[in-house]
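These notes are about the structure you will find just below.
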Amino acid sequence: MVSYQWSPSTYLSDAFINNPVVLLTDNILYTVTGTDANGCSNTALAALVIGAECDVFPVPNAFTPNGDGRNDVFRILSYSTPLTYSKQIFNRFGDKVFSSNNIAIGWDGNYKDHLTDEGTYVYIISITDREGKVITKKGTVVLLR
């Protein structure tokens, strides 16, 4: 194929590539048309449905806030937009070093504008999913510099 056209372009990173990234907040039906170098085209439908299994959110076990632009922030990714969200992070002494109620804001490894030590930190993350179910995850994350 030479070109692609996705419709609608809602939630797509690019409506003119073969494999766009989709960040869904709701169910959607896409139509994609591919055209080859001879002008021949074909159309397909793709139904994307957010299911209950998509409300599970993966939590990384380590991050490296060293300024290289890769893995510098501890954040979770949710496959759907939660109704509520909270994240708290504690050091080994039980001091809260970070908290947020915004899923887009991650922890950069700082506490009161100072670099925190390398080591293991405890997190408590709680979301309310689209069906109103509260999911809480508790665990550890390793900060490496």
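First residue of the sequence shown: 2, per the working numbering; consecutive thereafter.
For every residue, glycine included, the Cβ atom is placed at its ideal position computed from N, Cα and C.
This one's a predicted model, so the numbers in the text were calculated from it and none came from an experiment.
- Around the beta-carbon of LEU24, fewer than 16 other beta-carbon atoms lie within 10 Å, marking it exposed.
- Judged by beta-carbon spacing, THR129 lies within the 8 Å limit of THR85, meaning their Cβ atoms are closer than that value.
- Beta-bridge annotation (DSSP): ALA16 is not paired with any residue.
- The three-state secondary structure of ILE125, taken from DSSP, is strand.
- Pairing VAL50 with LEU116, the inter-Cα distance amounts to about 41 Å.
- Here DSSP, grouped into helix, strand and coil, assigns ALA63 to strand.
- If you check the CB distance, PRO66 and ASP109 come in under 8 Å.
- Counting every other CB atom within 10 Å of its CB across the protein chains shown gives PHE94 a total below 16, marking it as exposed.
- Per DSSP, the continuous beta strand (DSSP E) segment holding ASN43 begins and ends at 42-49.
- If only complete runs of 3 or more residues are kept, the stretch 73-107 shows the beta strand (DSSP E) at 85-91, 97-101, in order along the chain.
- Beta-bridge analysis with DSSP links SER4 to THR36.
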